[in-house]
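In terms of my numbering, the sequence shown has 381 at position 301, counting the first letter as 1, and numbering is strictly consecutive. We put the CB at the ideal spot given by N, CA and C, even for glycine. None of these values were measured; they are calculated from a predicted model. This report concerns only the one structure given below.
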Amino acid sequence: MSDESSADAVAAFERGHLALAFERMERLLADNPEDPDALWRAGDILWSLHRFEEAEERLGRAIQFESRPDHRAIAFGFRANARSSLWRLDRAEADIREAMRLDPADLLFHLDLGRLHVRAGREGVAEEAFRRAAACDRPDGEADAHLALARLLRAQRRYGEAREHVIRVAEIRGLDFDERALSDDLDRVIEIRPELEEARGWGEWVDRLFGGTDLERGPAVRAEIGERCIRDPEAPLFVYAGLAGDLLAVGRNREVLALLERAPGEGKSAGQRILLSNAGRAAAGLGDLERARGLFEQAIDVSPMITQPYDVYGAVLIDYGHMEEAEAVLRRGMTFEEPTQDELFYNLGQSLRSQRRYAEALECYERALELDPDYDLARTPKEDVERVLAEFGEPHHPSRS
Numbered sequence: 081m082s083d084e085s086s087a088d089a090v091a092a093f094e095r096g097h098l099a100l101a102f103e104r105m106e107r108l109l110a111d112n113p114e115d116p117d118a119l120w121r122a123g124d125i126l127w128s129l130h131r132f133e134e135a136e137e138r139l140g141r142a143i144q145f146e147s148r149p150d151h152r153a154i155a156f157g158f159r160a161n162a163r164s165s166l167w168r169l170d171r172a173e174a175d176i177r178e179a180m181r182l183d184p185a186d187l188l189f190h191l192d193l194g195r196l197h198v199r200a201g202r203e204g205v206a207e208e209a210f211r212r213a214a215a216c217d218r219p220d221g222e223a224d225a226h227l228a229l230a231r232l233l234r235a236q237r238r239y240g241e242a243r244e245h246v247i248r249v250a251e252i253r254g255l256d257f258d259e260r261a262l263s264d265d266l267d268r269v270i271e272i273r274p275e276l277e278e279a280r281g282w283g284e285w286v287d288r289l290f291g292g293t294d295l296e297r298g299p300a301v302r303a304e305i306g307e308r309c310i311r312d313p314e315a316p317l318f319v320y321a322g323l324a325g326d327l328l329a330v331g332r333n334r335e336v337l338a339l340l341e342r343a344p345g346e347g348k349s350a351g352q353r354i355l356l357s358n359a360g361r362a363a364a365g366l367g368d369l370e371r372a373r374g375l376f377e378q379a380i381d382v383s384p385m386i387t388q389p390y391d392v393y394g395a396v397l398i399d400y401g402h403m404e405e406a407e408a409v410l411r412r413g414m415t416f417e418e419p420t421q422d423e424l425f426y427n428l429g430q431s432l433r434s435q436r437r438y439a440e441a442l443e444c445y446e447r448a449l450e451l452d453p454d455y456d457l458a459r460t461p462k463e464d465v466e467r468v469l470a471e472f473g474e475p476h477h478p479s480r481s
């Protein structure tokens with residue numbers, strides 16, 4: 081593989097120009113289809129584009145042609161990511177363990193193993209794996225392991241222990257915006273815990289949630305208050321809908337689905353739509369895409385003229401790598417004018433970019449930015465497809481000609 085050409089592809093990838101990185105790597109592989117370095121890099125790029133089946137195939141070929149143990153370990157680790165995204169969790173675990181065997185000194189494979197265990201619902205063994213990863217001698221990896229522990233422990237409501245790990249992250253490298261939000265959330269939930277033992281009706285708890293600063297603090301605080309609200313049998317549906325979103329944010333997906341059994345019926349209301357959408361996201365997060373599809377379709381049936389459920393549904397399908405299905409769902413929501421329309425165009429752009437339909441993707445990103453000039457999330461992929469079209473043009477799509 082040409083070092084200069086490879087560097088160009090890697091540079092594009094690091095800028096977030098995923099499609100450009102992919103096309104450049106494909107050009108390299110056209111000249112040398114058995115280059116293991118190009119294959120594993122292409123597999124990683126494909127995974128980032130949510131083209132998981134293709135990523136798995138490329139990484140399998142990288143393993144086939146690679147002889148260096150440490151590089152084989154990298155390829156096995158990346159293939160584990162692809163297989164995890166495809167919910168082939170047993171195969172993903174086998175790949176991670178092979179990577180650990182090939183390169184036992186790299187403790188960060190324990191971090192990957194922990195994340196896989198979280199995905200499979202095995203929180204206890206996930207915690208053990210994260211603690212082993214935290215013993216690595218690379219500061220960035222150590223910090224990532226402590227951060228993973230903090231999030232896992234917050235989901236288990238072990239707030240004091242979670243806070244200790246955030247403090248450790250701050251000591252190692254400082255905290256970014258999201259990590260500071262996590263820290264604030266933990267500080268506040270620890271602070272208000274004595275108050276949570278008080279007996280109050282749902283209305284008083286709602287006043288506590290919306291009347292003070294707690295709404296701005298974080299999902300763990302809001303979830304604790306929301307759970308006190310629904311202890312009152314008179315609590316209305318909108319409280320359940322809000323609680324579902326906060327439970328999702330802290331990784332308590334099973335509890336979101338349990339709310340469906342407890343929530344009061346209010347017919348076709350905004351609360352019902354939001355609760356069903358959040359439940360769809362929870363089911364997807366647990367690997368049950370069929371249940372998620374049903375819940376999203378119920379949410380759409382409640383409010384077929386509101387774009388929010390189409391947008392969330394499409395984003396979930398993108399996360400699963402189902403690009404054509406995501407495109408179809410997002411286009412269903414395109415006929416309605418709503419504040420989330422910019423997000424619909426962005427997500428549709430993401431789906432089209434992954435399908436290598438770059439000109440159409442560019443139109444979507446441009447439309448999203450027209451609707452919201454401050455929608456910065458669309459800027460990098462817009463630049464990406466512009467660069468691809470300038471350097472390569474639009475790929476030929478036989479099935480669409």
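With respect to the alpha helix (DSSP H) encompassing residue i, which residues constitute its N-terminal and C-terminal limits?
i, result
"LEU233", "219–235"
"ASN112", "First-last for ASN112: undefined, no H or E at that position."
"LYS462", "459–471"
"PHE210", "203–213"
"TYR455", "It is not in any alpha helix (DSSP H) - TYR455 carries neither H nor E in the DSSP assignment."
"TYR400", "Counting along the chain, TYR400 falls outside any alpha helix (DSSP H), and DSSP gives it neither H nor E."
"ILE508", "Since the first and last residues shown for the chain are 81 and 481, residue 508 lies out of range."
"GLY96", "No alpha helix (DSSP H) holds GLY96; DSSP gives it neither H nor E."
"LEU366", "Run containing LEU366: none; DSSP gives neither H nor E here."
Taking all protein chains shown into account, do 16 or more other C-beta atoms lie within 10 angstroms of the C-beta of residue i, making it buried, or fewer, making it exposed?
i, result
"VAL468", "buried"
"ARG121", "buried"
"ASP124", "buried"
"HIS477", "exposed"
"MET180", "buried"
"ARG104", "buried"
"PHE257", "exposed"
"ARG163", "buried"
"SER147", "exposed"
"LEU403", "The sequence shown places Met at residue 403, not Leu. Per the 10 Å Cβ criterion, buried."
"GLY345", "exposed"
"ARG138", "buried"
"GLY298", "buried"
"LYS348", "exposed"
"ARG218", "exposed"
"ARG237", "exposed"
"GLN352", "buried"
"LYS462", "buried"
"THR420", "buried"
"ASP456", "exposed"
"ASP482", "Any question about residue 482 goes unanswered here, given that the chain covers just 81 to 481."
Is it the case that the CB of residue i approaches a heavy atom of the ligand NAP more closely than 7 Å?
i, result
"LEU98", "No copy of the ligand NAP appears in this structure; indeed no ligand is present at all."
Notebook entry, point to check: What residue ranges within the segment 128–188 form continuous alpha helix (DSSP H) runs of no fewer than 4 residues, ordered along the chain?
Noted result: Those alpha helix (DSSP H) runs which fall completely within the segment 128–188 and span 4+ residues are 132–145, 149–165 and 169–182.
Next item on the list: For the segment 317–333 and the segment 223–243, state whether three or more C-beta atom pairs, one from each stretch, are separated by less than 8 Å.
Entry: In short, these stretches touch, since the Cβ pair count reaches three.
Margin query: Quick check: the segment 146–161 against the segment 378–390, are at least 3 beta-carbon pairs closer than 8 Å?
Written below: No, the segment 378–390 is not in contact with the segment 146–161.
Next item on the list: Note down, one range per segment and in chain order, each alpha helix (DSSP H) of at least 4 residues found wholly within the segment 288–355.
Entry: Fully enclosed alpha helix (DSSP H) runs of 4 or longer: 299–309, 317–329 and 333–342.
Item checked: Cβ contact check for the segment 219–227 and the segment 306–320: 3 or more pairs under 8 Å -> As far as the Cβ criterion goes, the segment 219–227 does not touch the segment 306–320, which means the pair count is below three.
Check: What are the start and end residues of each continuous alpha helix (DSSP H) run of 4 or more residues lying completely inside the segment 258–287, in chain order?
Finding: Assignment of alpha helix (DSSP H) within the segment 258–287, counting only whole runs of 4 or more residues, yields no such run.
Next item on the list: With a floor of 4 residues, list each alpha helix (DSSP H) that falls wholly inside the segment 411–449, ordered by position along the chain.
Entry: Secondary structure in the segment 411–449: the alpha helix (DSSP H) runs of 4 residues or longer, each lying completely within the stretch, are 421–434 in chain order.
Next item on the list: Mind the definition here: the segment 201–213 touches the segment 183–190 only if three or more C-beta pairs lie below 8 Å; say whether that holds.
Entry: Remark: three or more beta-carbon pairs, one from each stretch, lie closer than 8 Å, so the segment 201–213 and the segment 183–190 are flagged as touching.
Notebook entry, point to check: With contact counted as at least three CB pairs below 8 Å, one residue from each stretch, are the segment 279–286 and the segment 246–260 in contact?
Noted result: By the Cβ test, the segment 279–286 is not in contact with the segment 246–260, since fewer than three Cβ pairs between them sit closer than 8 Å.
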